[in-house]
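Residue numbers (our numbering): 23 to 265. Structure first, then comments.
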C-alpha cells in the first residue's frame, strides 16, 4: 500500500514540478518560460491549445510505442487525421492488436534528419536491465549486437510518401532523435502549426544545451512556447503564422 502510494506520488504533477525545480537550482535542467498563455488541454504528459486545431487537420505523431491516448483523444474531439509512426518491434506488434478508428493510420518507420536505415538499441537502465519497449539511436552503441535495423525518413520524405503537401501538428517522442530531426524540419521551411516534443537531454549522449539550442532555433523560426509539462520535458510550440 505504502509503496503504491509513493509510486503514484512520484508521478504526480506536484512531485514532478518539485523535482524539476530542484534540478534547475543545481543547473542540471534548462529553464524556460511560456511565450504566450493559451487555453491548454492536457492529455497525460502532453498539452496543447485545442482551439488551434480544425476538423480534418493532419497530425504526425512519431514514437507512439503503446500509448496512443493523446492521438485517439484528438480524433474523438477534433475529428483530425492521425498518422502514427514507430518502427520498434514491440510497437508494431502492439498496434496490430488494437481496434482503431479509420482516422488512425500507422506506419512502421522512424524519424530522421536524412533518409536511410540505422540501428535502434534497447535502452538500458542503471541496473543494466534492457528495455523491451524503449529504443534509441546512439553512435556510442554501434559495437552492440542487439540493435534493430529500421527504415527512417525525413519529414519531407514522409510527407511525399503519404501524399501530404502540409501537416498541421508534429508530435515527437523519439528518444533523442528530436534534435537533428527538428533542425532538418526548420531547414526545410516546413512549418506545422503545432510542434509537440519530449526533449531527452537527460540521456547520456545529450545535454541541456542541446535542448536550449533547439528551443532557440524554434523561437527564431516563429514558434512560441505555449505549454511546458510539470516534468519540464514535454513542450508545445505554436506557430501563429500558420493559421
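We treat Cβ as the ideally placed atom computed from N, Cα and C, and that holds for glycine. No experiment lies behind these values; they were computed from the predicted model shown.
Please go through the stretch 199-224 and give each complete alpha helix (DSSP H) segment of 4 or more residues, from N-terminal end onward.
-> 200-209
Which whole-angstrom value describes the C-beta separation of residue 104 and residue 125, a residue pair presumed to lie in contact below a C-beta threshold of 8 Å?
-> Within the chain shown, residue 104 is the residue found at index 82, counting from 1. Within the chain shown, residue 125 is the residue found at index 103, counting from 1. Right, their Cβ atoms sit about 6 Å apart.
Kindly indicate the opening and closing residues of the beta strand (DSSP E) around residue 121.
-> Along the chain shown, read from residue 1 onward, the residue named residue 121 stands at position 99. Note, residue 121: premise wrong, no beta strand (DSSP E); not H, not E.
Beta bridge counterpart(s) of residue 261 as assigned by DSSP = By one-based count along the chain shown, residue 261 stands at place 239. In the DSSP output, where bridge partners are listed per residue, residue 261 has 245.
Identify which residue in 85, 195, 234, 141 has its Cα closest to the Cα of residue 172.
-> Counting from 1 along the chain shown, the entry for residue 172 is found at position 150. Among 85, 195, 234, 141, the Cα nearest to that of residue 172 is on 141.
At which residues does the alpha helix (DSSP H) containing residue 44 begin and terminate?
-> Locating residue 44 in the chain shown gives position 22, where the first residue counts as 1. Looking at the DSSP string, the run of the alpha helix (DSSP H) that includes residue 44 is 35-47.
Does the distance from the CB of residue 135 to the CB of residue 107 come in under 8 Å?
-> Position 113 of the chain shown, counting from 1, holds the residue named residue 135. Position 85 of the chain shown, counting from 1, holds the residue named residue 107. Not closer than 8 Å, so no.
From 59, 169, 89, residue whose alpha carbon lies closest to that of residue 259 = The sequence position of residue 259 within the chain shown is 237, counting from 1. The candidate whose alpha carbon is nearest that of residue 259 is 59.
Examine the Cβ distances between the stretch 221-230 and the stretch 189-209 and report whether three or more of them are shorter than 8 Å.
-> yes
For residue 128, which three-state DSSP category applies?
-> If you number the chain shown from 1, residue 128 lands on position 106. Correct three-state label for residue 128: strand.
If you compare alpha carbons, which of 43, 205, 73 is closest to residue 190?
-> Here residue 190 is taken as the residue at index 168 of the chain shown, counted from 1. Nearest of 43, 205, 73 to residue 190, Cα basis: 73.
Ends of the alpha helix (DSSP H) at residue 100?
-> For the purposes of this step, residue 100 is identified with residue 78 of the chain shown, where counting begins at 1. Looking at the DSSP string, the run of the alpha helix (DSSP H) that includes residue 100 is 91-100.
What separation, rounded to the nearest whole angstrom, lies between the Cα atoms of residue 88 and residue 114?
-> By one-based count along the chain shown, residue 88 stands at place 66. By one-based count along the chain shown, residue 114 stands at place 92. Each residue's Cα considered, the two are about 9 Å apart.
Secondary structure of residue 63, DSSP reduced to three states | One-based indexing of the chain shown puts residue 63 at position 41. If DSSP states are grouped into helix, strand and coil, residue 63 belongs with the strands.
Taking all protein chains shown into account, do 16 or more other C-beta atoms lie within 10 angstroms of the C-beta of residue 176, making it buried, or fewer, making it exposed?
-> The residue labelled residue 176 in the question sits at position 154 within the chain shown. Buried: at least 16 other Cβ atoms inside 10 Å.
Roughly how many angstroms lie between the CA atoms of residue 244 and residue 167, to the nearest whole one?
-> Residue mapping note: residue 244 aligns to position 222 of the chain shown, counting from 1. Residue mapping note: residue 167 aligns to position 145 of the chain shown, counting from 1. Approximately 42 Å, taken between the alpha carbons.
To the nearest angstrom, report how far apart residue 257 and residue 246 are at their CA atoms.
-> Residue mapping note: residue 257 aligns to position 235 of the chain shown, counting from 1. Residue mapping note: residue 246 aligns to position 224 of the chain shown, counting from 1. C-alpha separation (whole angstroms): 10 Å.
Cβ-based burial, residue 84 [other Cβ within 10 Å; buried from 16] = As a first step, residue 84 is located in the chain shown; it is residue number 62 there, counting from the start. By the neighbour-count rule (16 or more Cβ atoms within 10 Å), residue 84 is buried.
Would the C-beta of residue 46 count as close to the ligand MG, meaning under 7 Å from any of its heavy atoms?
-> With respect to small molecules bound, the structure shown includes none, and the ligand MG cannot be examined in it.
Considering only residues of the same chain and omitting the five flanking positions on each side of residue 170, which have a CB-CB separation below 6 Å?
-> As a first step, residue 170 is located in the chain shown; it is residue number 148 there, counting from the start. Excluding sequence neighbours, residue 170 sits near 142.
Hey, could you find the ends of the alpha helix (DSSP H) residue 251 is sitting in?
-> Counted from its first residue, the chain shown places residue 251 at position 229. Neither: residue 251 is in no alpha helix (DSSP H) and is coded neither H nor E.
Inspect the beta-carbon positions of residue 249 and residue 70 and report whether they are closer than 8 Å.
-> Taking the first residue of the chain shown as 1, we reach residue 249 at position 227. Taking the first residue of the chain shown as 1, we reach residue 70 at position 48. Contact: yes.
Residue nearest to residue 226 in terms of C-alpha spacing, selected from 159, 213, 182 = Stepping through the chain shown from its first residue, residue 226 is reached at position 204. Closest by alpha carbon: 159.
CB-CB under 6 Å to residue 101, same chain, minus the five flanking residues each way: which ones, in chain order?
-> Sequence index remark: in the chain shown, residue 101 carries index 79 (1-based). Here the set comprises 77.
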